[in-house]
Structures are given as C-alpha cells and as structure tokens.
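Numbering (the numbering used here), first residue to last: 74 to 290.
Where a beta carbon is used, it is the ideal one built from N, C-alpha and C, also for glycine.
Only one structure is covered here, and it is reproduced in the block below.
Encoded structure:
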C-alpha cells in the first residue's frame, strides 16, 4: 500500500513533467520532450501499483510510458505502437476480469468506428497496414471491455464512477490514437499534437483512477 505522502508527490512530479513537456513542444526542444514525455504516465503506473490496485492496469501504464518514449524517437513508430498494443492488451485483460460477460451488442458501434478510422488511414499506411489494423483491433477490444464494465456491472462495484471511468478513459485514448493516425497517414493537422497528448493523458489518468477507485470500493 502507498504511504500518505506518495500520492501528492507522484501527482506533483506528473504535473510538472507534463507542463515541462508542453513547454518543450512549444519551443521545439526535442531532448526535453524525450526526457519528460513518459514521466506523467510512469507516475500514474506507480500510483496504481503502490496503492495495491489492479497490477495489470499498472503494467499497462508502464507499457504506455514506453510507447510515449518510442514515439518521440525518429524511426521508432512501430516499436511505440507495439508497446502501446501490449498496454492495451493488459487493459483488456483487466477489464475482462472486472466484467467477463460477452456482450456482442456493444461490438456494433465499435466495429463501425474501426471501419471508419481504418477506411481513412489504411490507404496511407503502406507497409504498416497490417500492424495498424491489428493495433486498431486491440483498441476496439479495449473499448468493448471497458463498455462492458460500464453497462453490465452488477456487483459491489455498481457505483457509477467505478463503472464509467474505464470507458471514458478508453474513449479518450482511442480519440488520441485516431488523431495520431489521421495526422500521420491521412493529412497533417495543424496544432494537433496538443489535443493528442492532452486526450491521451486524460485517458490514462481515468483508467488509472478506475483501478484506484475500484480497489477502494
């Protein structure tokens, strides 16, 4: 379990590193961005881990932080995508443990989203078409399982906050990744890096918070 001083310290480190990354982005200081981009999500991972909450969520956060770092290294887009995919897979497993019901009706809107996103992106992916398709499939699985937690919880974790934090975080994560894909494979979007990173951080925070709140419930 975490000590009382851990949470404020981790929050402070995470917020300061996030602000530093945004400054580095505005000033185009690549070294500063590389040093700070993964830190906010690393602090979330330690927050979950030291709170005794779901370890699979914590590990997913750590893989996400690795993906952050890879995406800031030129030529490392594919390793970054693999790291994020592993993180998503851990989230899928965690959400499945929270709510194992197989709800096929929830898949329909997710499939429509994937079809739309891939329809936009695939023509520009080239050799990355297969990895991108697989990655988007994992995102869809994460949304599916998070939505199952939100709509089908019938246990002591029925509290609306516990139920809806995971799917809100998953949707923000998917929104961020979709913007990345459009910016990289469809057309460059001016200033898109800020909504990408802010939606991503918010999504990761909500997923982390869902594990914390659930563990305390």
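Judged by their CB atoms, residue 211 and residue 186 are not nearer to each other than the 9 Å cut-off. Close CB contacts of residue 156 within its chain, under the 7 Å cut and outside five residues either way in sequence, are with 136, 139, 140 and 143 (chain order). Here the region 116–125 lies against the region 276–285, with 3 or more beta-carbon pairs under 8 Å apart.
Taking the C-beta atoms as reference points, residue 179 is found no nearer than 9 Å to residue 243. In the three-state reduction of the DSSP assignment, residue 175 falls in the coil class. Bounds of the alpha helix (DSSP H) holding residue 94 are 79–99. The C-alpha of residue 214 is placed about 30 Å away from the C-alpha of residue 94. Around the beta-carbon of residue 128, fewer than 16 other beta-carbon atoms lie within 10 Å, marking it exposed.
In this structure residue 168 is buried. Its beta-carbon is surrounded by 16 or more other beta-carbon atoms within 10 angstroms. In the three-state DSSP reduction, residue 265 falls in the coil class, being neither helix nor strand. In the pairwise beta carbon analysis, the region 270–280 is classified as touching the region 244–254: at least three pairs are separated by under 8 Å. By the neighbour-count criterion, in which 16 or more other beta carbons inside 10 Å mark a residue as buried, residue 164 falls on the buried side. Residue state for residue 198 is assigned as coil, using DSSP reduced to three classes. The DSSP-derived three-state label of residue 125 is coil.
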